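For reference, the structure discussed in these notes is given below.
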Amino acid sequence: MDASEIPDQSLVQRIAAILDVTKDLLNDALTKKTIFVQGERVVSPLSSVHAVEARDAFVKGIYGQLFIFIVDKINATIYRSHSVIKNSIGVLDIFGFENFEVTWWSRGKVSDLYDPVALMSDLLSLVLSLLPP
Numbered sequence: 001m002d003a004s005e006i007p008d009q010s011l012v013q014r015i016a017a018i019l020d021v022t023k024d025l026l027n028d029a030l031t032k033k034t035i036f037v038q039g040e041r042v043v044s045p046l047s048s049v050h051a052v053e054a055r056d057a058f059v060k061g062i063y064g065q066l067f068i069f070i071v072d073k074i075n076a077t078i079y080r081s082h083s084v085i086k087n088s089i090g091v092l093d094i095f096g097f098e099n100f101e102v103t104w105w106s107r108g109k110v111s112d113l114y115d116p117v118a119l120m121s122d123l124l125s126l127v128l129s130l131l132p133p
């Protein structure tokens with residue numbers, strides 16, 4: 001089995017800093033698996049294929065949490081408890097949207113709304129570039 005490794009450790013360091021974890025912890029999370037056998041901890045390297053799957057699952061988890069964060073922020077911003085007029089915004093999450101070469105998101109219009117959105121956008125780009133496809 002070929003063990004995976006992340007070639008650009010400067011990216012790992014930047015992402016780890018954003019996530020407030022150590023570089024080693026992030027490296028291990030993306031390139032190793034840990035199992036417990038009869039109470040003993042066994043750590044083994046992930047193959048390149050499995051490392052890509054781990055990376056993708058990690059990014060999807062971050063994306064899901066970011067999506068919830070954004071919706072909660074928007075709801076908190078437009079909420080008025082005693083308002084006669086009810087304000088709402090419909091949000092549709094379109095799977096595969098990120099595969100377009102040029103998107104409304106990439107032009108920077110949405111990322112100006114909240115600083116964490118811009119930060120997480122950069123984080124997602126960095127994480128996706130860590131391992132070769």
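Quick note: the sequence shown uses the UniProt record's numbering, first residue 1, plus one each step.
In this text, a Cβ means the ideal position worked out from N, Cα and C, and glycines have one as well.
In this text, all values refer to a predicted model and were calculated from it rather than measured experimentally.
- Could you check what DSSP says for V52 in three-state terms: helix, strand or coil? Helix at V52.
- Item | Residue range of the unbroken beta strand (DSSP E) whose run includes T34 | 32-37
- Item | residue 138 versus D72 - alpha carbon distance | Look at the range of the chain in this structure, 1 to 133, and you will see that residue 138 is not part of it.
- Task: From the DSSP output, read off the bridge partner residues of P7.
- Result: P7 is not bridged to any residue.
- Item | Spatial neighbours of D112 in its chain, beta-carbon cut-off 6 Å, leaving aside the 5 residues before and after | Summary for D112: the model assigns pLDDT 47, below 50, so the residue's position carries little reliability, and this model does not support an answer.
- Query: If we ignore side chains and look at the alpha-carbon of each, how far apart do E53 and Y79 end up?
  - Reply: 39 Å
- Query: From L26 to F36, what distance separates their C-alpha atoms?
  - Reply: 20 Å
- Cβ-based burial, S4 [other Cβ within 10 Å; buried from 16]: buried
- Query: In this structure, does DSSP put V43 in helix, strand or coil?
  - Reply: strand
- Item | Beta-carbon proximity check, V43 vs K32, cutoff 7 Å | yes
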